[in-house]
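The sequence shown lines up with residues 102 to 393 when you count with the numbering used here.
Working notes for the structure below.
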Amino acid sequence: MAENKQEMNIQWYPGHMTKTRRMIQCQLKNMDAVCEILDARIPLSSRNPDVEELTAGKPRLIVLNRIDVADSDATRRWAAWFRGRGFAVLEVNAKEGQGTARFAAAVRELLADKLAAYAEKGQAGRMVRVMILGIPNVGKSTFINKVAKRKTAKAEDRPGVTRTQQWVPVDRSLELMDTPGMLWPRFDDPQVGLHLAFTGAVRDEILDTETLACRLMELLAQRYPQALAERYKIEITPEDTGYDLLIKAGRRRGFMIRGGEVDTERMAKILLDEFRGGKLGRFTLELPEDMA
Ligand code: G4P
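Rendered as structure tokens:
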């Protein structure tokens, strides 16, 4: 994987990170809990590397988002894995609203002791505040909009435009705050970079489309060979490289260019689009047992 490192070019700005970290630290004092949104297909690669340490000591809820495109068995195992580490977990498809209605109850369950103490002091109904954390594109706005039942567009995400920190009411005694600043993904591990690129969390700039598609072919051939073979009607042999598979799939689809060659560039785009859109099947690229 050493060659990947040179090919990778994920943009990251130390200044932004320091600023975001400070904003989060500063706001955390006002929060009762934090809710970290992850992509269920890549729960580790979609985690910001500093959140664990930043939020230690706070009641924490993990939202495994995009369960509609993740492997449901793997999602269950990830949920158990996070629960085993003291997190409350919610499995969600924020786009369709599946699982989002349970959010308020899950937060109150997580804060049961604190809320009971409030009630004892005659402060039942006191406002509960939750900070929503997540890397760009993980589905924060979609999730917040569904949970708060609002239709408004997301806050500005363009560089140089300050996202206004807004409180979003969920009900009379629960409100949310969107991530203050830009929360970066991990950028030091090429494998993480690949997983983020496969899922479209970072644009295709880290590798050219064809190389990225070859790597995805290799991974799918390893993890989900049957789905891959069925979708593209190809036979997969142990000797096949990612490029070989791209050629096989392209040929079956009839993507030919002059001279009888396969248009691998076109097939690469199709593979990435179909994977990201869930058309290939529901896949999870990282499993808890990979952690060992
Ligand atoms: P962000 O605030 O964290 O940056 O992410 P945002 O909500 O903008 O979501 C990024 C993209 O992910 C959106 O797609 C959104 O629809 C999609 N998305 C969010 N949650 C889910 C989910 O649970 N399942 C699936 N399949 N997709 C999800 P988009 O193409 O940018 O916009 P749109 O045309 O879908 O609205």
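Built from N, CA and C at the ideal position, the CB exists for glycine as well.
- Between the stretch 313-326 and the stretch 336-348 there are three or more C-beta pairs closer than 8 Å, enough to call the two in contact.
- Each of E137, A328, K250 was checked against the Cα of R161, and the nearest Cα belongs to E137.
- Considering only R177, G378, G355, the residue with the shortest C-alpha distance to R367 is G355.
- R251 sits exposed, since fewer than 16 C-beta atoms from the chains shown fall within 10 Å of its C-beta.
- L347 is positioned such that its CB atom lies closer than 8 Å to that of T365.
- Its chain contains I168, L191, E192, V193, N194 as the residues whose beta carbon lies nearer than 8 Å to that of G200, once the 5 sequence neighbours on both sides are disregarded; these appear in chain order.
- Assigned with DSSP and collapsed to three states, D140 falls in strand.
- 8 Å or more divides the Cβ of M228 from the Cβ of Q128.
- Cα atoms of L145 and G294: separation of roughly 11 Å, rounded to the nearest angstrom.
- Here I125 carries a helix assignment [DSSP, helix/strand/coil].
- In terms of side-chain proximity, the C-beta atom of V164 is found no nearer than 7 Å to any non-hydrogen atom of ligand 1.
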